[in-house]
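A.B. asks: One structure coming up, written as structure tokens, with questions to follow.
Number of protein chains: 2
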Amino acid sequence: MEIQKLIDKGFAVKTFHKDAIVYEPGMQPRYVYFIKLGEVRMVTISDEGKEFIQGVFKAGQYFGEPALLIDRPYLAFTIINKDSQIIQVSKNDFFGLIENEPGFSMSIIKTLSKRLFYKSMMLEELANEKAEHRLLTIINYLLAEVKVGEQLKVTRQELADMTGLRVETVIRGVKLLSSKEEISMVRGKIVRVK
Amino acid sequence: MEIQKLIDKGFAVKTFHKDAIVYEPGMQPRYVYFIKLGEVRMVTISDEGKEFIQGVFKAGQYFGEPALLIDRPYLAFTIINKDSQIIQVSKNDFFGLIENEPGFSMSIIKTLSKRLFYKSMMLEELANEKAEHRLLTIINYLLAEVKVGEQLKVTRQELADMTGLRVETVIRGVKLLSSKEEISMVRGKIVRVK
DNA sequence: TTCTAAATATGATGCAGATCATAAAGTACT
DNA sequence: AGTACTTTATGATCTGCATCATATTTAGAA
Numbered sequence: 131m132e133i134q135k136l137i138d139k140g141f142a143v144k145t146f147h148k149d150a151i152v153y154e155p156g157m158q159p160r161y162v163y164f165i166k167l168g169e170v171r172m173v174t175i176s177d178e179g180k181e182f183i184q185g186v187f188k189a190g191q192y193f194g195e196p197a198l199l200i201d202r203p204y205l206a207f208t209i210i211n212k213d214s215q216i217i218q219v220s221k222n223d224f225f226g227l228i229e230n231e232p233g234f235s236m237s238i239i240k241t242l243s244k245r246l247f248y249k250s251m252m253l254e255e256l257a258n259e260k261a262e263h264r265l266l267t268i269i270n271y272l273l274a275e276v277k278v279g280e281q282l283k284v285t286r287q288e289l290a291d292m293t294g295l296r297v298e299t300v301i302r303g304v305k306l307l308s309s310k311e312e313i314s315m316v317r318g319k320i321v322r323v324k
Numbered sequence: 131m132e133i134q135k136l137i138d139k140g141f142a143v144k145t146f147h148k149d150a151i152v153y154e155p156g157m158q159p160r161y162v163y164f165i166k167l168g169e170v171r172m173v174t175i176s177d178e179g180k181e182f183i184q185g186v187f188k189a190g191q192y193f194g195e196p197a198l199l200i201d202r203p204y205l206a207f208t209i210i211n212k213d214s215q216i217i218q219v220s221k222n223d224f225f226g227l228i229e230n231e232p233g234f235s236m237s238i239i240k241t242l243s244k245r246l247f248y249k250s251m252m253l254e255e256l257a258n259e260k261a262e263h264r265l266l267t268i269i270n271y272l273l274a275e276v277k278v279g280e281q282l283k284v285t286r287q288e289l290a291d292m293t294g295l296r297v298e299t300v301i302r303g304v305k306l307l308s309s310k311e312e313i314s315m316v317r318g319k320i321v322r323v324k
């Protein structure tokens with residue numbers, strides 16, 4: 131489902147500014163959100179205020195379907211990372227798209243499968259692996275998405291929030307991985323070399 | 131998609147015995163597995179041999195689709211918990227079912243959404259919450275699936291393998307939750323009271 | 001009923017990573 | 001170039017849970 135098609139169909143585009151909250155835990159889902167432009171993060175926040183990044187979504191992607199589809203309140207916050215333009219598709223319209231847009235249901239199935247894969251991987255890491263191993267795993271996962279020679283645009287804090295670790299632990303861990311040459315760094319940034 | 135329909139269509143039923151491995155990490159997916167009878171567990175195993183239960187599947191459910199759909203090698207083991215009868219549906223046949231069986235693709239979408247929900251919940255727990263909180267969360271999750279008055283049929287070891295904790299920690303934690311009356315126990319078993 | 005294995009129990013000790021504190025680099029903006 | 005803010009850095013201490021060891025209880029099989 132390309133965003134343009136939705137716009138052609140007459141769906142309205144809504145602007146969200148950085149740090150705006152699209153929805154929060156406990157809210158009853160009403161829409162599926164298609165990102166025309168920008169970036170959001172889906173996070174759960176513990177009682178002590180610690181964030182865990184469940185996912186990051188960018189232009190061309192959509193989010194919020196699972197809760198809507200199984201009709202359960204959200205369990206995460208979704209927060210705008212960068213000013214964004216988002217199309218809110220209502221439940222009925224979304225079901226309509228699934229029924230009528232050829233290939234759309236298959237695309238959703240694949241998208242959900244990918245996310246499930248990521249979460250299974252992270253669960254194994256959080257359940258069984260030590261800080262260093264966890265770090266290496268997400269770093270490699272993230273590196274697979276950038277071109278050879280390019281650097282990762284994530285802060286240590288973000289790595290911490292994706293792995294359930296603390297910044298200090300991530301900083302020490304990244305240094306360790308770098309000294310062991312398990313990752314490559316250029317001017318403090320993690321880069322993909324091959 | 132009811133199993134009987136698959137049998138009517140001529141798909142063969144295969145018998146697996148307890149402890150048999152249906153597939154293991156690294157294998158290239160070829161089938162989706164529909165359980166006619168029995169029970170399997172999907173687990174990842176760390177280098178040190180510690181199991182993490184990614185999911186448990188019973189009669190009427192299917193498993194193995196995500197890896198097949200996104201065409202990536204499995205990352206978990208799937209192991210037979212109780213002697214089972216399983217229908218292996220090839221990739222092509224599975225795509226055929228999605229295309230032709232009305233409502234099947236929607237059912238897959240909902241199934242995947244549910245699993246995603248569970249994994250998001252567990253990720254938050256493993257990333258941010260302490261043993262006691264984690265335990266209470268899965269216990270309540272599991273209790274929601276049994277009738278009022280009935281007991282949970284899981285061992286402390288299984289709770290440990292679902293939460294990334296150790297048996298000893300689970301044993302101590304369950305006692306603690308029980309003494310705080312956050313869970314109810316009858317003769318050593320956790321029971322649902324309301 | 002007896003034997004055996006699995007599950008539960010409980011204390012003692014160790015350690016990875018959290019937490020706390022404080023500082024030095026970067027980076028962006030004026 | 002200077003100010004303010006974010007990110008990275010680094011040492012010291014604390015702590016929850018793992019780990020190890022060793023019972024005791026329960027359940028299942030013969």
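As given, the protein sequences belong to chains A and B, one line each in that order.
Residue numbers for the first sequence follow our numbering, beginning at 131 and rising by one.
Residue numbers for the second sequence follow our numbering, beginning at 131 and rising by one.
Every residue, glycine too, gets a C-beta built ideally from N, C-alpha and C.
Given this structure, state the Cα-to-Cα distance separating B:G303 from B:E262, to the nearest angstrom.
C.D. replies: Here residue 303 of chain B refers to the residue found at position 173 when the second sequence is read from its first residue. Here residue 262 of chain B refers to the residue found at position 132 when the second sequence is read from its first residue. The straight-line gap from Cα to Cα measures roughly 6 Å.
A.B. asks: Rounding to the nearest angstrom, what Cα-Cα distance links A:E195 and B:S243 in this structure?
C.D. replies: Taking the first residue of the first sequence as position 1, residue 195 of chain A is located at position 65. Taking the first residue of the second sequence as position 1, residue 243 of chain B is located at position 113. Roughly 8 Å separates the two Cα atoms.
A.B. asks: Run the CB neighbour count on B:I88, radius 10 Å, all protein chains shown included, and call it buried at 16 or more, exposed below.
C.D. replies: In the structure as shown, chain B begins at 131 and stops at 324. Residue 88 of chain B is therefore absent and cannot be evaluated.
A.B. asks: Could you pull the start and end residues of the alpha helix (DSSP H) that B:D138 belongs to?
C.D. replies: Mapped onto the second sequence, residue 138 of chain B falls at position 8. Residues 133–138.
A.B. asks: Rounding to the nearest angstrom, what Cα-Cα distance links B:S308 and B:M251 in this structure?
C.D. replies: Taking the first residue of the second sequence as position 1, residue 308 of chain B is located at position 178. Taking the first residue of the second sequence as position 1, residue 251 of chain B is located at position 121. The straight-line gap from Cα to Cα measures roughly 23 Å.
A.B. asks: Listed from N- to C-terminal order along the chain, which residues in the segment 179–200 of chain B have their beta-carbon within a distance smaller than 8 Å of any beta-carbon of chain A?
C.D. replies: Flagged, chain order: K180, F182, Q184, E195, P196, A197, L199, I200.
A.B. asks: In chain order, which beta strand (DSSP E) runs of at least 3 residues are fully inside the segment 212–281 of chain A?
C.D. replies: Counting whole runs of 3 or more residues, the segment 212–281 of chain A contains no beta strand (DSSP E) stretch at all.
A.B. asks: Please name the residue in B:Y271, B:N211, B:A197 whose C-alpha comes closest to that of A:F247.
C.D. replies: Position 117 of the first sequence, counted from the start, is the residue given in the question as residue 247 of chain A. Among B:Y271, B:N211, B:A197, the Cα nearest to that of A:F247 belongs to B:A197.
A.B. asks: Taking a Cβ distance cut-off of 8 Å, strictly less, list which residues of the segment 245–266 of chain A are near chain B, in chain order.
C.D. replies: If the cut-off is 8 Å between Cβ atoms, the segment 245–266 of chain A has R245, L246, F247, K249, S250, M251, M252, L253, E254, L256, A257, N258, E259 near chain B.
A.B. asks: Taking 8 Å as the threshold (C-beta atoms), are B:A290 and A:L256 in contact?
C.D. replies: Along the first sequence, one-based indexing puts residue 256 of chain A at 126. Along the second sequence, one-based indexing puts residue 290 of chain B at 160. No, they are not a contact pair.
A.B. asks: Flag A:G294 as yes if its beta-carbon sits less than 8 Å from any beta-carbon of chain B, otherwise no.
C.D. replies: Against the first sequence, residue 294 of chain A aligns to sequence position 164. Yes - at least one Cβ of chain B is within 8 Å of the one on A:G294.
A.B. asks: Between which two residues does the alpha helix (DSSP H) carrying A:T285 extend?
C.D. replies: For the purposes of this step, residue 285 of chain A is taken as the residue at position 155 of the first sequence. That residue, A:T285, is in no alpha helix (DSSP H); it is neither H nor E in DSSP.
A.B. asks: What's the call for B:K249, buried or exposed, on a 16-neighbour Cβ count within 10 Å?
C.D. replies: Counting from one through the second sequence, the residue named residue 249 of chain B turns up at place 119. Buried is the call here.
A.B. asks: Using 8 Å as the limit for Cβ to Cβ distance, is B:K240 near chain A?
C.D. replies: As a working mapping, residue 240 of chain B is identified with position 110 in the second sequence. Yes, B:K240 counts as interfacial toward chain A.
A.B. asks: Just the Cα atoms here: how many angstroms apart are A:G279 and A:I269?
C.D. replies: Walking along the first sequence from the start, residue 279 of chain A turns up at place 149. Walking along the first sequence from the start, residue 269 of chain A turns up at place 139. When rounded, the distance between both Cα atoms is 15 Å.
A.B. asks: Any beta-carbon of chain B closer than 8 Å to the one on A:A274?
C.D. replies: Counted from its first residue, the first sequence places residue 274 of chain A at position 144. Not one chain B Cβ lies under 8 Å of A:A274.
A.B. asks: Which residue marks the beginning of the beta strand (DSSP E) containing B:S314, and which one marks its end?
C.D. replies: Stepping through the second sequence from its first residue, residue 314 of chain B is reached at position 184. Taken as a continuous stretch (DSSP letters only), the beta strand (DSSP E) holding B:S314 covers 314–316.
A.B. asks: Short of 8 Å Cβ to Cβ, which residues in the segment 221–235 of chain A face chain B?
C.D. replies: If the cut-off is 8 Å between Cβ atoms, the segment 221–235 of chain A has I228, S235 near chain B.
A.B. asks: Output the distance between the C-alpha atoms of B:F182 and A:P155, rounded to the nearest integer angstrom.
C.D. replies: Indexing the second sequence from 1 puts residue 182 of chain B at position 52. Indexing the first sequence from 1 puts residue 155 of chain A at position 25. Their Cα atoms are separated by approximately 27 Å.
A.B. asks: What do you get for A:S235, buried or exposed, if any count of 16 or more other CB atoms within 10 angstroms of its CB means buried?
C.D. replies: Counting from one through the first sequence, the residue named residue 235 of chain A turns up at place 105. That one is buried.
A.B. asks: With a threshold of 8 Å between beta-carbons, can A:R202 be considered close to chain B, or not?
C.D. replies: Sequence index remark: in the first sequence, residue 202 of chain A carries index 72 (1-based). Yes, contact with chain B.
A.B. asks: State yes or no: is the beta carbon of B:L205 nearer than 8 Å to at least one beta carbon in chain A?
C.D. replies: One-based indexing of the second sequence puts residue 205 of chain B at position 75. At least one chain A Cβ lies under 8 Å of B:L205.
A.B. asks: Once the 5 residues before and after A:Y153 are set aside, which same chain residues still bring their CB inside 6 Å of it?
C.D. replies: Sequence index remark: in the first sequence, residue 153 of chain A carries index 23 (1-based). Cβ within range, chain order: Y204, T208.
A.B. asks: Do A:I151 and A:F187 have their C-beta atoms within less than 8 Å of each other?
C.D. replies: As a position in the first sequence, residue 151 of chain A is number 21, starting the count at 1. As a position in the first sequence, residue 187 of chain A is number 57, starting the count at 1. Result no, Cβ atoms of A:I151 and A:F187 do not sit closer than 8 Å.
A.B. asks: So what does DSSP say about B:E154, is it helix, strand or coil?
C.D. replies: Within the second sequence, numbered from 1, the residue matching residue 154 of chain B stands at position 24. Coil, per DSSP.
A.B. asks: Along the chain, where does the alpha helix (DSSP H) containing B:V300 start, and where does it finish?
C.D. replies: For this step, residue 300 of chain B is matched to residue 170 along the second sequence. Here the alpha helix (DSSP H) through B:V300 covers 297–309.
A.B. asks: Find out if the Cβ-Cβ distance for the pair B:I216, B:F141 is shorter than 8 Å.
C.D. replies: Walking along the second sequence from the start, residue 216 of chain B turns up at place 86. Walking along the second sequence from the start, residue 141 of chain B turns up at place 11. In this structure, B:F141 does not lie closer than 8 Å to B:I216 by Cβ.
A.B. asks: Determine, for B:T285, whether the minimum Cβ-Cβ distance to residues of chain A falls below 8 Å.
C.D. replies: The sequence position of residue 285 of chain B within the second sequence is 155, counting from 1. Cβ-Cβ to chain A under 8 Å: no for B:T285.
A.B. asks: Hey, quick one: how far does the beta strand (DSSP E) through A:I200 stretch, first residue to last?
C.D. replies: Position 70 of the first sequence, counting from 1, holds the residue named residue 200 of chain A. Per DSSP, A:I200 belongs to no beta strand (DSSP E); it is in the alpha helix (DSSP H), 195–200.
A.B. asks: Do we get a CB-CB distance below 8 Å when we pair A:T299 with the residues of chain B?
C.D. replies: Sequence index remark: in the first sequence, residue 299 of chain A carries index 169 (1-based). Not closer than 8 Å to any Cβ of chain B, the Cβ of A:T299 fails to qualify, so no.
A.B. asks: What residues from chain A crowd round B:S237, counting only those whose CB sits closer than 8 Å?
C.D. replies: By 1-based counting over the second sequence, the position of residue 237 of chain B is 107. Those within 8 Å of B:S237 in chain A number zero; the least Cβ separation is about 11 Å.
A.B. asks: Sort B:T174, B:E254, B:D149, B:M172 by Cα distance to A:G179 and report the nearest one.
C.D. replies: The residue given as residue 179 of chain A occupies position 49 in the first sequence. Residue B:E254 is the option with its Cα nearest to A:G179.
A.B. asks: Using a Cβ cut-off of 7 Å, which residues of the segment 149–183 of chain B contact any Cβ in chain A, in chain order?
C.D. replies: Those residues of the segment 149–183 of chain B that come within reach of chain A (Cβ to Cβ, closer than 7 Å) are T174, S176, K180, F182.
A.B. asks: Whole angstroms is fine: what's the gap from B:E288's alpha carbon to A:L199's?
C.D. replies: Here residue 288 of chain B corresponds to residue number 158 of the second sequence, with the count starting at 1. Here residue 199 of chain A corresponds to residue number 69 of the first sequence, with the count starting at 1. Answer to the nearest angstrom: the Cα atoms are 29 Å apart.
A.B. asks: Provide the residue span of the beta strand (DSSP E) that contains B:L167, from first to last.
C.D. replies: Start at 1 with the first residue of the second sequence, and residue 167 of chain B comes out as number 37. It spans 161–175 - the beta strand (DSSP E) in which B:L167 sits, taken as one unbroken run.
A.B. asks: Just the Cα atoms here: how many angstroms apart are A:M315 and A:V173?
C.D. replies: Residue mapping note: residue 315 of chain A aligns to position 185 of the first sequence, counting from 1. Residue mapping note: residue 173 of chain A aligns to position 43 of the first sequence, counting from 1. Their Cα atoms are separated by approximately 28 Å.
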